[in-house]
Structure formats: C-alpha cells, structure tokens
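Only one structure is covered here, and it is reproduced in the block below.
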Amino acid sequence: MKKGFKKIGVLLTALSVFALASCGNNETTKADGVDENENYYSELASTSDGVSIANSLTANSINNGNIFHAWNWSMSTISSNLDSIKNAGFTTIQTSPMQPQKDYWSGNTAKDAWWKLYQPLGFSIATKNNALGTKSQLTSMVSKAHQKGLKVIVDVVANHLAGSYNQLDGAVKEYEPTIYGSNGNLSGGAMLHSETLYGANDGANTTNGNIGLPDLNTHHSHVQNRVLSLCKEYIDCGVDGFRFDAAKHIETDNQYEPYGASAFWPTVINGTTSYAKSKGKATPYYYGEILYSCGNNRSYSWYTKYMDVIDNRCGNDLRNSFNSGYASASSYYNSTGFSSGERVVVWGESHDTYANDDHESTNVSIYNVNKAYAIMGARNGAKCLYLARPTDSTGTSAWNSCSTKLGAKGSSAYTWTEVGAVNKFRNYWGTANEYIYNSSNFAQVVRYNSSESGMVLVSGNGNKTASNVSVPSVMKNGSYKDLVTGNTFTVSSGKVSGQLGDCGIAVLYSTNSSNNNNNNNNTNMDMNTIYFVNTKNWSNVYVYAWEGNGGSGHQNSSWPGVKMTKTSEKVNGYYVWKYTSTNFLSKWENVIFTNNSGSQTNDIKISLNQYDYNGNATLHASTGSGSETNNNNTIYFINTKNWSNVYVYAWEGNGGSGHQNSSWPGVKMTNTGKKVNGYYVYSYTQTGFFTKWQKVVFTNNSGSQTKDITLTKNCYNAAGTASNYAG
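Each number in the working numbering comes from the position in the sequence shown (counting from 1) with 335 added on.
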C-alpha cells in the first residue's frame, strides 16, 4: 500500500450473514466491492483471540499454500480478479506461458488455441501479439498481486519451440536466429537433437527424442543461456517462481543420465537464483512437469535437488475414485514414491487432464474434481493446483464447443465456498501433522498438533449424513463447525457425526480452541517487538501497522508509522531494526515497512516477529550483541514426531571418513524443555557447527529419520522445514 492508497488488504464492511446454501457453488456476490463470503467466514470462524481459520487468506510461503492456475487468463483478466482469488484462499497464481505466441489471432478460443502458448517462438517475454498480454502488463499484474499478498509463478517452455517434429516454425528465426540456423531443419545440428522418435519411455529417448515437436539440444550452452535469460527477464518483472513445462524431457547433471548429463538445470536454476538475490529478491520457487515417471533408469532425485516435481497420479486416481462413487484417499504419492509432500505439486485436475487428447477429466463433473481437490489441497507439504476451467459445462462435447476466448475468464468454480474453505484450512494449519484416513466411504484429512485438530471430510458416494463415522485417534473429542455450511459436527469416542452440504465436502475446525496456526503461534516469540532486516540499507525505517480495514483508530500511527530503532545485530550482513509496543503482534494484523522516502514493502500479514523487504517471515533470534543473529554453534530440532530420543548426524562434502560430526546415528540431542506449537525443542551445541557442516539428518535411531537437509537456518522439524529459533 503506497501512501495515498488507503485500500489495505480486504476491506470488510458490516454485512449481515447470508443464508448459505448447502455449498456455495454459485458466483460470489459482492456489495461495494466486498466479497460476501468473506463476511460469512469471519462470522462463522472467529476465535476468542481474534485470529481465525477464515482469516487465513494466504500462507506464509508458496510451499505452504495452494496454487490457482489462471489457465489461459490474460494479465488484465488476472488483475481484475485478484480480490476473488485472494478471498478464495489461494497463496499463488500460476500463469500460462508469456513467451511470443505462435500464430497469434485475437479471435482464438481457448479450445482452439491454448496449445499455441506451448509452442513459443522464442525465449523472451512477449511484447506484441500475445493473447495473454505483454511484458508491461505482466509487470503491472505482478505488482498488484504482491500488494494483496499473492505470489505469481509463470509457466516456462524450455525444451522445444514452435514447429513440427523435424522442422522449426519459420517465425522462430525472428526471436532465436542462432537456434534457427540457416533453415530450421532438425538435422542433428548444435542446437537441435536429431532423434525423431517420440512416445518412448526409455531414458535416452525421454531426454533426446522429441515429443512431436522439434527438440532443442539442451546440452548446448547457448540454449541453456537463452532459457536463463528468459528467467532473468521474468525476475525483473517481479515474478516469484517458475513451472518448467516438459522438465522430464530435459536431462539433469547426474552422471548416470542414459544419453549424457548436462549443465542445463544448474545453469538455469542456480543462475536465476543468483540473479534474484543480486536484485534483493527471495529465492524463486521452482517446479517441473514430470508425468507418471522420469523414464527408465532415471530418478526423481536427480530433479529434486533443483526443484519440486509433479505427482499427477495420486490426484488423478482420487478424482477417478470419487467419480466412481467411492473414497480412496491415500498418504502415498503414487508416481514419485514419496511418503511426504514437501517436494511435490499435486492437483484434482490440470490442463493436461482436461484439454489433452485423452480428456481424462473433461467428462468429470466439477463437483467430483472439487472433492479430489479438497483432499489433496488440505494436506501438509504438497502444493495443490486448482485449474481455472474455461467453461462451467462438463463433458468432451462441451469442451469442443467452448466459446471462451483465449485470455478471458471462464468458470468461477474457484470462488465456491468449499474451495475457499479447503484453502483456508491448509493455510491455517501450515506444516502441522496430518493423518489420511478412509471410513464408511468418507475420505478424511486430519491436521493436528498437541492441543487442536481439524478435518476435511469428503463423501465418496453423495451421502450427506455422517453418522458415527470412524476417525483416527488424533482427531480430538469435541464440537466442530463446518466452514462450508456452518453446521455443527461432533467427535466422540473415535466417531464423527454431522450433516454435510450438497457438495459432499465439510471443513471442520474446533470451536473450543484458540488459534494454533503454525504460522502465528510460537511459544518462544516475543509478542511485543517486531523486527525488520534492512536488506535495502535504508537510512531510516518506519513500521505502519493496522487491523481490519485500517480505518481511523485502527492503525498504530498515522502514515508512515513509527520510527524503528537500529540494533547492533545483523542477519546475512544486514542490520536488524526493531520497534517495541505492548502486545504489538497480537493487536495488529498487517504491517508495512517504509523509509518514508518513496520506498516501502508490500502489505504483510503478521505471522512471525521478523521480516525483510520481500515480506519473508522468520522468528527473531536475538544475540544482544553485534554478531549475526544465527548462533553458529547450536542447532535445534522441533520434535513434531514426539520421538523418545533425537540424534543429529551432520556431514560435509560426500560424508566420507572424518567428514561427519560422528558415526551413525550421530550425536544425541538434549531436550531443552521449551516448546514450539506444543512440541518440545531439542538442541545440540558444537563450536562452529554451521560453518563446519553442510547437511544434517535427524533420527530417533529406531528406524525413523528426516530427509537429508541442507543447512540454511538453525532450527528444523521432522518434515525438514527450516526456521530461525531464538533459543
């Protein structure tokens, strides 16, 4: 919010709570620009301390929230619908590719021309003749999204350009003359692979054959640097991350690649990250399209060192099961084999299942798609994608007759109450534990910690009455409200009972507990002091805070806020500034930091007590001296699995002899007696721990352990999530 713009976040006016139908599968109604659903949620789910599941409009990072796939939407269409996207609880917006478009024509429908966006003419952002808009319109949209706390990721086509399987489109020459060469023929030249096989699943043809389009030689440094140049251009527009189309078909740097390793991913990913940091921006988010498998003799781990990956099968299987009338939620990520979702993107459907030739989900009703999304989107770790269908109609014939123009908004199903309820549930629970369960043809995702639990409950066959349906023991006894309908559910002696709405989805939260949002509730957080890591080296820093709509009397001060105090502490070489006021973090909901000379952050929703210019939230770890705030000697572990014992095993390089902190299972950690979100914190101190070691694994020495974790901060939990801990 710039000075002079008094529109702060979502403006809530006093509206009477409407009588909601069993599920809100109608277009959101508005009065004076206010989303009526938001008022309904606020009335329904307020807690005693003023923080509610309904207020969890965005997660604290792309990793902890869900993604709205604004498929085929233009930049202006997205800009016009930012409020409805945020009010639906999405954290991130994903755009279709913005590279120069093949065969542009303004009259194209989504059905006729969506694929043209996936046959781009070059590695730059379109400045003309693109149905989605131009580079300047992208920049404007991203800026507006950031003002509302939303992130933006873009789809990048990197392994091919427009053309047929053996010939580049002639228009490519204007944008990529070096790649095009003299005639654009696929002849095994430096810039193109010569193999013409496609559809094969063996490792070599997965990366070096083509997919019916001219396959670029991604081993070549020119191709790599052209893709890097595109990503840098996107960073300059403010985007927060990338989806890489057909990532499966681009080789990795692994020595066992069947057709030879290359530096493509380290060049593109590391180069983009370094460029973003040089511009004072956060590390971008990356994920790659890998459907069903990586190909024979190839591993997902070759990719996950650089990016998250798609697990398409688990969402597809769940959607198909709901479409057949039964619930079959599973904790297993089928395609990847992962047991947790930290490196995974999932969906109820995607453009690949909706618009491709197989039409896997085109004939599935949006109601059954939403059921699959409800389960996948409520889980811990995985990021769930919600496709904006181009039409509300269902079926192949409806898709074939689709008249929605490329760039225009189609279905409004993303605004339906049940979708927003699932997103807010996910945002509220953050990285808390999950339990996946099926009983009496009801699929369940239970999220819980030591003091609170909640559940997404989905009917497999249309039964809207849950009568003594078994639930896992982690679902606590008590009274629960459904965020979708407002109905009351009861959990007693391992059974849940209540009435679902017509959509067959209930999102249950406890009515007897205070807020335990993992992003907000930290027993070691100073609630009186807010900190700012001055990554822009401003001469002065001011903090402006507000609650509600920021009207008179609902701010901490008139603009530009209160001047902060420079401390002697540093984070990554930048001074930390602070401001202390009684109950500052519990009293105010949002903040802006400014230098009062024309520069300021976006609106930031208060979750933790320390922020930087990009709005990244961390827990302030005070040293009281001029040293860096991260204690280089002590590592902490939040024991979210309640292990009886915790060991830390650390290493550098390849972990060979003499390059570990101890032999396996490492060194036993000490229970500090302190808790975070109800879980005990364990510690281990060794001189120069963080400068000596590069990676850690935490284990209970009884068969359970975390993944390999690269050291970045001083505290981790069993999911490997990093944070700063004050000790």
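The beta carbon of each residue, even a glycine, is placed where N, CA and C say it ideally should be.
It should be emphasised that the depicted structure is a prediction, and the values quoted were computed from it without experimental measurement.
CA-to-CA distance, Val897 to Val878, given in whole angstroms | Translated into the one-based positions of the sequence shown, residue 878 becomes position 543. Translated into the one-based positions of the sequence shown, residue 897 becomes position 562. Rounded to whole angstroms, Val878 to Val897 spans 5 Å at the Cα level.
Inter-residue CB distance, Asp504 and Lys437 (contact presumed, cutoff 8 Å) = Indexing the sequence shown from 1 puts residue 504 at position 169. Indexing the sequence shown from 1 puts residue 437 at position 102. Indeed they touch by this definition, with Cβ atoms about 6 Å apart.
Counting Cβ pairs closer than 8 Å, one from the segment 631 to 639 and one from the segment 735 to 747, do we hit at least three?
-> no
Extent of the continuous alpha helix (DSSP H) run through His481 | Numbered from 1 along the sequence shown, position 146 holds the residue referred to as residue 481. Unbroken alpha helix (DSSP H) run through His481: Lys470 to Gln482.
Quick one: what's Gln502 bridged to in DSSP?
-> One-based indexing of the sequence shown puts residue 502 at position 167. Note: Gln502 sits in a beta bridge opposite Ser499 and Asn520.
Range of the contiguous alpha helix (DSSP H) that encloses Gln559 | Against the sequence shown, residue 559 aligns to sequence position 224. First-last of the alpha helix (DSSP H) with Gln559: Ser556 to Asp571.
Is the beta carbon of Glu624 sitting closer than 9 Å to the one on Phe673?
-> Position 289 of the sequence shown, counted from the first residue, corresponds to residue 624. Position 338 of the sequence shown, counted from the first residue, corresponds to residue 673. Cβ distance not < 9 Å, so Glu624 and Phe673 don't count as in contact.
Counting only runs of 3+ residues fully inside the segment 759 to 846, write out the beta strand (DSSP E) ranges in chain order.
-> 768 to 774, 777 to 783, 788 to 794, 800 to 805, 813 to 817, 823 to 827, 830 to 834 and 840 to 845
Three-state secondary structure (DSSP) at Ala1053?
-> Position 718 of the sequence shown, counted from the first residue, corresponds to residue 1053. DSSP places Ala1053 in coil when its eight states are reduced to three.
Quick one: grab the DSSP three-state call for Glu684.
-> On the sequence shown, residue 684 is found 349 positions in, with the first residue counted as 1. Glu684 falls in the coil class under three-state DSSP.
At what residues does the beta strand (DSSP E) containing Ile645 begin and finish?
-> Mapped onto the sequence shown, residue 645 falls at position 310. Run containing Ile645: Asp643 to Ile645, per the beta strand (DSSP E) assignment.
For Lys583, which three-state DSSP category applies?
-> By 1-based counting over the sequence shown, the position of residue 583 is 248. Helix.
Range covered by the alpha helix (DSSP H) that runs through Asp447 | Along the sequence shown, read from residue 1 onward, the residue named residue 447 stands at position 112. Start and end: Ala445 to Ala448.
Between Met433 and Gly468, is the Cβ-Cβ spacing less than 9 Å?
-> Residue mapping note: residue 433 aligns to position 98 of the sequence shown, counting from 1. Residue mapping note: residue 468 aligns to position 133 of the sequence shown, counting from 1. Result yes, Cβ atoms of Met433 and Gly468 sit closer than 9 Å.
What is the DSSP secondary structure of Thr1047, counted as helix, strand or coil?
-> For the purposes of this step, residue 1047 is identified with residue 712 of the sequence shown, where counting begins at 1. In this structure, Thr1047 counts as coil in the three-state DSSP scheme.
Is the Cβ-Cβ distance between Val781 and Glu769 less than 9 Å?
-> Within the sequence shown, residue 781 is the residue found at index 446, counting from 1. Within the sequence shown, residue 769 is the residue found at index 434, counting from 1. Closer than 9 Å, so yes.
Trp978 burial status per 10 Å Cβ neighbour count (16 or more: buried) = If you number the sequence shown from 1, residue 978 lands on position 643. Buried, by the Cβ-count rule.
Closer than 7 Å by C-beta to Gly573: which residues in its own chain qualify, once you throw out the five before and the five after it? Chain order, please.
-> The count along the sequence shown starts at 1 and reaches residue 573 at position 238. So the list reads Thr474, Val477, Ser478 and His481, once near-sequence residues are dropped.
Glu677 and Ala709: beta carbons closer than 9 Å?
-> Mapped onto the sequence shown, residue 677 falls at position 342. Mapped onto the sequence shown, residue 709 falls at position 374. Not closer than 9 Å, so no.
Once you ignore the five residues that flank Asp727 on each side, which residues in its own chain have a CB closer than 8 Å to its CB?
-> What you label residue 727 is simply residue 392 of the sequence shown in a count that begins at 1. The answer, listed in chain order, is Ile701, Gly745, Ser746, Ser747 and Ala748.
Nonlocal neighbours in the same chain, by C-beta distance under 8 Å from Gln502, ignoring five residues either side | As a working note, residue 502 is residue 167 in the sequence shown. The answer, listed in chain order, is Gly519, Asn520, Leu521 and Pro549.
Below 8 Å on the Cβ atoms is my guess for Trp408 versus Ala723; work out the distance and round it to an integer in Å.
-> Stepping through the sequence shown from its first residue, residue 408 is reached at position 73. Stepping through the sequence shown from its first residue, residue 723 is reached at position 388. Indeed they touch by this definition, with Cβ atoms about 7 Å apart.
What span of residues does the alpha helix (DSSP H) with Ala733 cover, start to end?
-> Position 398 of the sequence shown holds residue 733. Here the alpha helix (DSSP H) through Ala733 covers Thr731 to Asn735.
Distance between Val868 and Gly615 (C-alpha atoms, nearest Å) | For the purposes of this step, residue 615 is identified with residue 280 of the sequence shown, where counting begins at 1. For the purposes of this step, residue 868 is identified with residue 533 of the sequence shown, where counting begins at 1. Going by the C-alpha atoms only, they are around 12 Å apart.
When Ser1018, Tyr1014, Thr513 and Gly498 are compared against Glu787, the one with the closest alpha-carbon = What you label residue 787 is simply residue 452 of the sequence shown in a count that begins at 1. The shortest C-alpha separation from Glu787 is found at Tyr1014.
Looking at C-beta atoms only, is the number of pairs between the segment 1039 to 1052 and the segment 971 to 986 that lie closer than 8 Å three or more?
-> yes
Quick one: what's got a C-beta closer than 6 Å to Ala985's C-beta in the same chain, skipping five residues either side?
-> The residue labelled residue 985 in the question sits at position 650 within the sequence shown. Answer for Ala985: Asn996, Trp1028 and Val1031, listed in chain order.
Can you grab the Cα-Cα spacing for the pair Gly385 / Gln472, in whole Å?
-> For the purposes of this step, residue 385 is taken as the residue at position 50 of the sequence shown. For the purposes of this step, residue 472 is taken as the residue at position 137 of the sequence shown. At Gly385, the pLDDT of 38 sits below 50, so the modelled position is not reliable; the number obtained from the coordinates is stated separately. Roughly 38 Å between the two C-alpha positions.
Return the first residue and the last residue of the alpha helix (DSSP H) that Glu509 is part of.
-> Here residue 509 corresponds to residue number 174 of the sequence shown, with the count starting at 1. Note, Glu509: alpha helix (DSSP H), Val507 to Tyr510.
Determine the DSSP secondary structure at Arg633, reduced to helix, strand or coil.
-> The residue labelled residue 633 in the question sits at position 298 within the sequence shown. Correct three-state label for Arg633: coil.
Under 6 Å Cβ to Cβ from Thr1056, same chain only, skipping five residues before and after it: list those, please.
-> Here residue 1056 refers to the residue found at position 721 when the sequence shown is read from its first residue. Correct list, in chain order: Thr766.
Figure out for me which residue from Asn705, Thr750, Asp693 and Glu568 has the closest Cα to the Cα of Lys421.
-> Position 86 of the sequence shown, counting from 1, holds the residue named residue 421. Nearest C-alpha to Lys421: Thr750.
Alpha carbon to alpha carbon, what distance is there between Asn390 and Tyr621?
-> By one-based count along the sequence shown, residue 621 stands at place 286. By one-based count along the sequence shown, residue 390 stands at place 55. Whole-angstrom Cα-Cα distance: 27 Å.
May I ask you to list the residues that DSSP assigns as paired with Gln890?
-> Working through the sequence shown from its first residue, we reach residue 890 at position 555. Paired residue(s): Trp881.
Going along the chain, which residues of its own chain have a beta-carbon closer than 7 Å to the beta-carbon of Thr1047, five neighbours each way excluded?
-> By 1-based counting over the sequence shown, the position of residue 1047 is 712. Excluding positions up to five away in sequence, the list reads Ala1057.
In whole angstroms, what separates the C-alpha of Leu1069 from that of Tyr569?
-> Residue 1069 lies beyond the residue range present for the chain, which begins at 336 and ends at 1062; the question has no answer from this structure.
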